[in-house]
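As structure tokens, the structure follows; a few thoughts come after it.
Dropping the structure here:
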């Protein structure tokens, strides 16, 4: 691992690399990558020369790391992959090679688009349902422009229930037209066949629908509205019918732990792309039901089970628990699994040793590192589950992202105050910072759900 880091540092510190990366912004680097794979033609002699230098840099890097350049080119034909790599390259130019890697801008922004909601979920982190200040339409469109200029790869519209807000369609279309990977996190109850068709038409790439049980009784009780389950299932079916990529999001608690195998089976039956099992976070209304959180043994069983279903190959199965990456790495190293999932949202699932290296750079809790949250009023938070305001989009999104002391603290896995500092898995896991804050009011505290700390951590 260390020789790989040394090699990467050596490559990125060459005059060739510095001449390209230091002076260019992420959008310019993205354009050079597009020229490299033949998707775009250069607009000037300077751009043509820069593209040649970029091509040489990529060839040299691929050769050093034993990467098939043709496979790399194939991957870079995906515009989201190009945008993500441009962000990483700019991050390395600005901060050097770090573990985990510091980025110029987040890969993903989860935007709580509105406080409006038609359900009353027990675990709602946003305390949705009560009207509060929200950005105007022009301000929302400006947020999209700011995120585009920063080089953000993906925007996930969440809430509340984003489909309830009349601004959603204009803003989501604007984001898709700008080239973002656009996803929607929804309770699914409002997705009629026409709504699903419209989501497809405006360029939404992925719809993640919340489903907490395989049967109506548990789901409806958790969501606070009778009949929610049936409408949610219809919403999922309508999305699949419209040829949208669909995922199921489930928050794991003692109420539904025994039912999660059935939820996975239901997802397979419905034809969804992915199932993401979310950590329970005691924040918002969730503070009132802390007693429903899984204990360490229950979470360990769950993560092991989810990995086995991922390995089965019928559907992508992820968890927002950073410890899931440790489970995957251990299974891989013990030759009991072929897949590694360094992060739950980046759709990374690579059956190669390269994934182990990638895990060290982008793995684990991404709060303030790989993603952040934006509230309906424009407040920026490290994660939608961490209710700490670090700035507002009106202050300039990129300025807040790069200068916030709190966000910079979350990027340092070697800080003396960090509970996981002695753990060998701190770069690929690092513990859920939202759970640490939710339980102890300390972003750097231990994640109480960690099942590996008794062996490898020093608790402080």
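Residue numbers (the working numbering): 1 to 460. Yeah, the Cβ is synthetic: ideal placement off N, Cα and C, and Gly gets one too.
For residue i, which residues of its own chain have a beta-carbon under 6 Å away from its beta-carbon, when the five flanking residues on both sides are left out?
| i | result |
| --- | --- |
| residue 229 | 216, 219 and 220 |
| residue 464 | For the chain, the structure presents residues 1 to 460; residue 464 sits outside this window and is missing. |
| residue 245 | 206 and 273 |
| residue 368 | 382, 407 and 410 |
| residue 95 | 102 |
Would residue i and residue j qualify as a contact pair, given that the criterion is a beta-carbon distance under 8 Å?
| i | j | result |
| --- | --- | --- |
| residue 435 | residue 260 | no |
| residue 112 | residue 153 | no |
| residue 276 | residue 247 | yes |
| residue 397 | residue 147 | yes |
| residue 423 | residue 109 | no |
| residue 200 | residue 242 | yes |
| residue 507 | residue 144 | In the structure as shown, the chain starts at 1 and stops at 460, and residue 507 therefore has no counterpart that could be examined. |
| residue 253 | residue 292 | yes |
| residue 22 | residue 93 | yes |
| residue 39 | residue 77 | yes |
According to DSSP, is residue i part of a helix, a strand, or is it coil?
| i | result |
| --- | --- |
| residue 210 | strand |
| residue 133 | coil |
| residue 220 | helix |
| residue 172 | helix |
| residue 430 | coil |
| residue 367 | strand |
| residue 3 | Confidence at residue 3 is low in this model, with a pLDDT of 47, below 50, so the placement of that residue should be treated as unreliable; the coordinate-derived value is given next. If DSSP states are grouped into helix, strand and coil, residue 3 belongs with the helices. |
| residue 452 | coil |
Within the continuous alpha helix (DSSP H) that includes residue i, where are the two ends?
| i | result |
| --- | --- |
| residue 92 | 79-95 |
| residue 239 | 228-241 |
Leaving aside the five residues before and after residue i along the sequence, list all residues of the same chain whose C-beta is less than 7 Å from its C-beta, in chain order.
| i | result |
| --- | --- |
| residue 202 | 169, 172, 173 and 176 |
| residue 140 | 167 and 171 |
| residue 271 | 240 |
| residue 448 | 435 and 439 |
Measuring straight from C-alpha to C-alpha, what distance separates residue i and residue j?
| i | j | result |
| --- | --- | --- |
| residue 167 | residue 289 | 33 Å |
| residue 62 | residue 285 | 48 Å |
| residue 437 | residue 306 | 25 Å |
| residue 450 | residue 255 | 20 Å |
| residue 103 | residue 85 | 10 Å |
| residue 363 | residue 193 | 37 Å |
| residue 389 | residue 70 | 44 Å |
| residue 34 | residue 214 | 44 Å |
| residue 17 | residue 54 | 8 Å |
| residue 309 | residue 47 | 46 Å |
| residue 14 | residue 315 | 42 Å |
| residue 226 | residue 25 | 50 Å |
| residue 460 | residue 430 | Residue confidence is low: residue 460 scores 33 on pLDDT, short of 50, so the model does not pin down where it sits. No coordinate-derived value is stated. |
| residue 332 | residue 418 | 27 Å |
| residue 28 | residue 262 | 47 Å |
| residue 366 | residue 231 | 32 Å |
From what residue to what residue does the beta strand (DSSP E) around residue i run?
| i | result |
| --- | --- |
| residue 251 | 245-251 |
| residue 316 | 316-319 |
| residue 379 | 379-381 |
| residue 118 | Careful: residue 118 lies outside any beta strand (DSSP E) and carries neither H nor E. |
So, for residue i: in the same chain, excluding its five sequence neighbours on each side, which residues have a beta-carbon less than 8 Å away from its beta-carbon?
| i | result |
| --- | --- |
| residue 238 | 191, 192, 193, 195 and 196 |
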